[in-house]
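Here is the structure we will look at.
In my numbering, the protein residues as written are 7 to 124.
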């Protein structure tokens, strides 16, 4: 799939560049004359998007939504994420944990938790 088309599908669904995410949205708004409009029209022809033309709420722009086939294509055509080292993954887990702990406090807490679970 053309990378520009894939990017529009991913963006419309709220996915990252590797097709990961919760598909928290399903909308792409663009108007005729923009760079993205012909790409969205191509996705409509492929059956990956549907178009609602001239939406007043969006200032007369078109609203495109991703079809089920488009959702499948977005995930299937996304590249695999790069491998992450254990230490980097631990830091990413810390960032996602979202607590008031410092990183070293988090590491110590996690080690205690892992030892008690074993």
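A virtual CB, placed ideally from N, CA and C, is assigned to each residue, including glycine.
Residue 121 in three-state terms, based on DSSP: Within the chain shown, the letter at position 115 stands for residue 121. In this structure, residue 121 counts as helix in the three-state DSSP scheme.
Apart from the five residues just before and just after residue 83, which ones in its own chain have a Cβ nearer than 7 Å to its Cβ? Looking up residue 83 in the chain shown gives position 77. Closer than 7 Å at Cβ, skipping near neighbours: 7 and 12.
Measuring CB atoms only, is the region 17-32 touching the region 76-94, in the sense that at least three cross pairs come out at less than 8 Å? yes
Start and end of the alpha helix (DSSP H) containing residue 30? If you number the chain shown from 1, residue 30 lands on position 24. Looking at the DSSP string, residue 30 is not in any alpha helix (DSSP H), and its letter there is neither H nor E.
Less than 8 Å between C-beta atoms, sequence neighbours within five positions excluded: which residues of the same chain meet that for residue 69? Against the chain shown, residue 69 aligns to sequence position 63. Taken in chain order, the residues that qualify are 33, 34, 35, 57, 58 and 61.
Can you name the start and end residues of the alpha helix (DSSP H) that residue 58 belongs to? Taking the chain shown and counting its residues from 1, one reaches residue 58 at position 52. No alpha helix (DSSP H) holds residue 58; the beta strand (DSSP E) holding it covers 55-58.
Hey, residue 43 and residue 76 are a contact pair by Cβ (cut 8 Å); roughly how many whole angstroms apart? Residue 43 sits at position 37 when you count from the first residue of the chain shown. Residue 76 sits at position 70 when you count from the first residue of the chain shown. About 17 Å; that fails the 8 Å criterion.
By how many angstroms is the C-alpha of residue 45 removed from the C-alpha of residue 108? Translated into positions along the chain shown, residue 108 becomes position 102. Translated into positions along the chain shown, residue 45 becomes position 39. Using only the alpha carbons, I get a separation of about 45 Å.
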